[in-house]
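Q: Residue numbers (my numbering), protein chains in the order written: chain A, 955 to 1088; chain B, 8 to 429; chain C, 13 to 439.
Here a beta-carbon is modelled for each residue, glycine too, at the ideal position from N, C-alpha and C.
Treat the numbers as computed from the prediction; the structure is a model and nothing was measured.
Here you go, one structure.
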C-alpha cells in the first residue's frame, strides 16, 4: 500500500474536523498555520482517522513522530532556543518540504509543528498502517 | 463618580482537601510538602487511561455536617462544600445575629454533578431504542444540581441575601470570590460565604479530560510524583477533589464585632482570552490583562507583591504562558517573587482550585512561609522564576496574588493584603 | 454617578428569531406553545413545549469549524448575543475589547447526547447493568474526544467573547430563572463602577430538549393538560397546573449613557436598580408569603430611590404553578402596597414558554421593550383570576397601550433565588 491511497481518507478527516471543503486540504497545506487547526482540532482529526481507517494515533504521537525518538535535550538547544543539527537532520526526513527553507540554526522548537503538512500526516498514517517489513 | 466602596476582609477559612480535611491540616501538609495524590477510589478506574487523582480520605459527613437536613440531596462535592463552609463560619465566629439575614449571602464556584454510568446508560438506552423515556427522579436531579449545596450553606447560616452559583470550570472559585467581593464592596451584602467545591473524579470526567490529553499518564505507579508544575517533564495535570470556603465581610463590620481578620481583598479582575477553546494565548493575552487589572485596582505597587499562588496546572502550555505573563506584568521584580502551585500536592481541584490557592496565599501573609511546588527537580525551558521548589520557604511580604484560568479562556486574579491599621 | 443604559436587545424565542418579530407576536397575543416535535414525548407526563422552528445557527456563526462543537443551547446563546450587539450598532474598535464585559446565565449540563450515546451504551449489558471495565477500554475508544469541551457549561462565554473580541470582566452564572437576570444586574454594576465600558449580558436555554424535559418531567411542575395545547399554560388563572418549557435566548447590550449618546445609539431604557434575595424554604416550591421576592423588589426600588407608586409595569415570573403564582401575587401586594392594584403586571410565559435560564433576561428585555413602545404585552390564557392571585392587574389576554416610565422585571430560581431589576425611560 502506498501513501497515495491514504490521501483521500486523511483529506476527508481534516476537512470534516476543520469544517472546510476537501479541495482546500491540499497535500502542501500546513495544518496549524494555513488550515488554522487548534489542538482540539488535531484530536478530532485523529479520532476520525481512527474511525475510518482503524489507525490509532494519539495527539502526543505527532510530536514523537516528528522528533523520531531523539531526546528533547538533543533535539532542541535550550540556550539558543533552536533545533539542533541532529534535530534538523531528523526533521528533513519526516518533513522534507523544509529542506529548501534554510531553517538550520533558526528554527525554534515551538515552531516545528507549524510546518507540519497534510502530506506529512499522510506519511505518518502510512507508517502506522503498514506493518514494518512488508 | 463611583459610589462609596466598602473594604472587604476575609475572616473565616474552611477546607476539605486531599492533604487535610480542614484548613489547618491542609496548611500543615503544604508546609511539609506532602502529596495527597493516590489511586482513584470513587469508581473502578482500573481500565481507564488515568487511575490516580488527589483524593479526599476519611471524610465523615455526619460529624462535619451534624444537621441531617443540610445533608439532604448532597453530592460528594456538595458534602465537601457544606463542611468547609461550616468550618469557615466557625472560624469567623459568625453567629445567628451577625448582620441581618438579608445582608448575608453565598457565592460558590462548582460544576454540575454527573449521572452514574448505570443511570446514563439507562437514559440513553431508552432514548436510542424508542422506549418510554426515563424520567429522571427528583432526588437525582437535585443531587447533580450544583446550587443545592449552596442552598444548604445558606440555610446553615440563615443567608437571605445574594445567592450566586458560578460554573466557569477551573476559574469558578476565583470568579465566585471576586463576585462576593463586589457584592460587599457595593453594599448588596455585608457578609458572603464564598469559595468552591468540586469532585470531577467520575468515570465521565476522567474520560473527558483524558481524551483531550489534558491529564498526565506518567508516574501512574508513583502517584505522589505525578503532579509536576513547572517541571521540564510535566505532561498534563492530575485531578483533585475537595472544597475551600471563606467568610468575606466588610471591614467595618468585622472590626465592630471584633473578628479576627486574615487578610484584606483589595483587587480583583476577570478577563477573557477570546482566543481558543483550550490553547493558552501565546502572548499571555487575557492572563496578563487579569494580573495587571487586579494590581491596578488594588493600588499595590507590583514590587510589594511577595507571593503568587499560581494556577500552575502542570500542563506544558499553562505553566509557560503563566510564567511569561508574570514576567510581562512584574518586569524586573518577577525574579524576586515566590511563586508556587499547591496543585503539585493536591492535584487540580478545578472549580475549587482558586480557593485552594487562596488558602496558601492567606498562610503566606499569616505565617511568612510559602508552600512549595513539589516534584520540581528540573524546571522546563524558559521557566526561570522562583517556584519555591520542593520545600517551603520564608517569605516576608504584606501582599499576595492568586491566579485561576480555565478552558474556554476565562481568567480570574485577585490581590490580598495584610489589613492596614487605619 | 455613571448611568447605565440598554442600547441593544437580542431575542431568539419560540415566537421568532429576532427582537422585533418576538415583540410583535407578544403584542398580538400569539403563543409558541404546541405539541413537542423535536423528539417523541408521548411517554412523558408533559408533552407540550415552545420550540423554535427553523432556527438556523449558520446565520450567526460563520465558521463551520466553530459550529461543529456547539450544542443547540450554545448556538442559541451566540445568536442572542449577536442580535443584541447588532441591534446596539456597536462596533468594537481595537483595544475596546479589554473593557468589554460579558455576563451570562445558563442551565447547560451536558454535551450533545447523540455524539456519545453509542459509546456509553458499549458499557451496557443485556440485563441493564453496566461494565465499568469495558467503559474504560472499548467505550473510551469510541468516545467522541471533544465531548468534554462541547459540554463545558460556560462554553458560551468562549464562543461569544471570541466572536466579538470581548476580553474584559465576565462570569457565567449557573442556575435557572434567576441566572440571566443576575447576569444583567452584574453587568449593570460593572459598567456603573467603570469595570467595563460596555457589557453584553443575558441567558440561554434549550429547555425543550429531550434531556431537559426528562429532568423536569418528574418534578411535576409542568402542566399535564396536553389536550389544551397553547391554552395549557395559564398564569394566575384558577385552572393553572404548571408551566410549559420553551427554548431560547435573551441578551442585552449595556453601556454608559455618555458613550451611548455620543455614538448616537438608540437607547431602550436606563437600568436604575437591582436586588436579589434568597428564600431559605424555597427549594423547588417558594414560601407562600413571597417575603423573599418582596425583599428583592424593595431592594431594587430602594437602590433607585423610586417609590412603588411610580412603577408602571412589572414583567413577572408568572410561571403558572399554583404555589409560584400565589406567592408572587403576595410579594407584589406586600412590596408595592396600595399601588399594587393600579400597576400593570404580566407574564409572557404562556406565549414563550418558560425559557428557564433565559427567562430572567427575557423579562428584562420585555420590560425594556415596554418602556420603548409604551405598550404592555398581555398575560395569555387568563380567564378567571385565582383568588390567591387577586388584587393585581394582570393585563389579561390583550396588549395595552400606556405610558411606561418605570418597569420592573422579576425572576425566580429553582433553589429559592429571587431577583428584581428596575428600568426607567431614558430622558
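What would DSSP say about residue 1088 of chain A, mapped onto helix, strand or coil?
A: Low local confidence applies: a pLDDT of 42 at residue 1088 of chain A is under 50, so the model's placement there is unreliable, and no value is given.
Q: By the three-class DSSP mapping on this structure, what secondary structure does residue 1101 of chain A have?
A: Nothing in the structure corresponds to residue 1101 of chain A, since chain A is present only between 955 and 1088.
Q: Helix, strand or coil for residue 51 of chain C per DSSP?
A: Coil at residue 51 of chain C, not helix or strand.
Q: Quick one: what does DSSP say residue 294 of chain C is sitting in, helix, strand or coil?
A: Of the three classes helix, strand and coil, the one that applies to residue 294 of chain C here is coil, per DSSP.
Q: Within 8 angstroms (strictly less), CB to CB, does residue 955 of chain A reach chain B?
A: The predicted model places residue 955 of chain A with a pLDDT of 47, which falls under 50 and marks its position as unreliable, so this point remains unresolved.
Q: Look at the Cβ atom of residue 25 of chain C, then the Cβ atom of residue 330 of chain C, and state whether they are nearer than 8 angstroms.
A: No, they are not a contact pair.
Q: Would you identify the three-state DSSP class for residue 166 of chain B, choosing helix, strand or coil?
A: Coil.
Q: Applying the criterion that 16 or more other CB atoms from any shown protein chain within 10 Å of the CB defines a buried residue, is residue 381 of chain B buried or exposed?
A: When all chains shown are included, residue 381 of chain B counts as buried.
Q: Quick check: the segment 148 to 168 of chain B against the segment 225 to 239 of chain B, are there 3 or more CB pairs under 8 angstroms?
A: In short, these stretches do not touch, since the Cβ pair count stays below three.
Q: When you compare the CB of residue 909 of chain A with every CB in chain B, is at least one pair closer than 8 angstroms?
A: Residue 909 of chain A lies beyond the residue range present for chain A, which begins at 955 and ends at 1088; the question has no answer from this structure.
Q: Report the rounded CA-to-CA distance for residue 213 of chain B versus residue 134 of chain C, giving the unit in angstroms.
A: Straight-line Cα distance between these residues: approximately 17 angstroms.
Q: Identify the residues that DSSP records as bridge partners of residue 420 of chain B: which are they?
A: Partner(s): B/276 and B/410.
Q: Who are the Cβ neighbours of residue 173 of chain B in its own chain at under 6 angstroms, not counting the five residues just before and after it?
A: So the list reads 116, 179, 182 and 183, once near-sequence residues are dropped.
Q: Who are the neighbours of residue 997 of chain A on chain B, taking C-beta pairs under 9 angstroms?
A: 218, 219 and 220, listed in chain order.
Q: Taking only the alpha-carbon atoms, compute the straight-line gap between residue 1017 of chain A and residue 253 of chain B and give it to the nearest angstrom.
A: Each residue's Cα considered, the two are about 43 angstroms apart.
Q: Pick helix, strand or coil for residue 408 of chain C, following the three-state DSSP scheme.
A: Reduced to three states, the DSSP call for residue 408 of chain C is strand.
Q: Among the candidates B/240, B/126 and B/154, whose CA atom is the shortest distance from the CA of residue 141 of chain B?
A: Closest by alpha carbon: B/126.
Q: Say whether chain C places a C-beta atom closer than 8 angstroms to the C-beta of residue 206 of chain B.
A: Not one chain C Cβ lies under 8 angstroms of residue 206 of chain B.
Q: Just mark residue 83 of chain B as buried or exposed, buried being the case when its beta carbon has 16 or more other beta carbons within 10 Å.
A: Flag for residue 83 of chain B reads buried.
Q: Where does residue 220 of chain C sit, in a helix, a strand or coil, going by DSSP?
A: Residue 220 of chain C: coil per DSSP, three-state reduction.
Q: So with Cβ pairs under 8 angstroms, would you call residue 1013 of chain A a contact of chain B?
A: Chain B, which has a Cβ nearer than 8 angstroms to the Cβ of residue 1013 of chain A, makes this yes.
Q: In terms of residues, what are the limits of the beta strand (DSSP E) holding residue 50 of chain B?
A: Here residue 50 of chain B belongs to no beta strand (DSSP E), and DSSP marks it neither H nor E.
Q: For residue 982 of chain A, which three-state DSSP category applies?
A: Note: residue 982 of chain A maps to coil in three-state DSSP.
Q: Can you list, in chain order, the residues of its chain whose CB lies under 7 angstroms from that of residue 237 of chain C, leaving out five sequence neighbours each side?
A: Once the five neighbours on either side are set aside, the close Cβ partners of residue 237 of chain C are 244 and 253.
Q: With C-beta atoms as the reference, is residue 433 of chain C less than 8 angstroms away from residue 286 of chain C?
A: Contact: yes.
Q: Residue 187 of chain C and residue 12 of chain C - do their beta-carbons sit closer together than 8 angstroms?
A: What the structure shows of chain C is the stretch from 13 to 439, and residue 12 of chain C is not part of that stretch, so it cannot be assessed.
Q: Ordered along the chain, which non-local residues of its own chain (more than five positions away) have a Cβ less than 7 angstroms from that of residue 268 of chain C?
A: Contacts found: 14, 15, 16, 203 and 209.
Q: Taking the beta carbon of residue 81 of chain C as the centre, do at least 16 other beta carbons fall within 10 Å, making it buried, or is it exposed?
A: The residue is buried, with at least 16 neighbouring Cβ atoms inside 10 Å.
Q: Which partner residues does residue 386 of chain B have in the DSSP bridge list?
A: B/238, per the DSSP bridge assignment.
Q: Determine whether the Cβ of residue 60 of chain B lies closer than 8 angstroms to any Cβ atom of chain A.
A: Chain A, which has no Cβ nearer than 8 angstroms to the Cβ of residue 60 of chain B, makes this no.
Q: Residue 430 of chain C by DSSP, collapsed to three states: which one?
A: Reduced to three states, the DSSP call for residue 430 of chain C is strand.
Q: Spell out the partners DSSP gives residue 234 of chain C in its beta bridges.
A: Answer is C/255.
Q: Leaving out five residues before and five after residue 385 of chain B in sequence, what residues of the same chain have Cβ atoms less than 8 angstroms from its Cβ?
A: For residue 385 of chain B, where only same-chain residues beyond five positions count, the Cβ hits under 8 angstroms are 238, 239 and 240.
Q: Output the distance between the C-alpha atoms of residue 9 of chain B and residue 199 of chain C, rounded to the nearest integer angstrom.
A: At residue 9 of chain B the pLDDT is 44, less than 50, meaning the model places this residue with poor confidence and gives no usable figure here.
Q: Who are the neighbours of residue 161 of chain C on chain A, taking C-beta pairs under 9 angstroms?
A: In chain order: 994.
Q: Are there 16 or more other CB atoms within 10 angstroms of the CB of residue 1073 of chain A, so buried, or fewer, so exposed?
A: By the 10 Å Cβ count, residue 1073 of chain A comes out buried.
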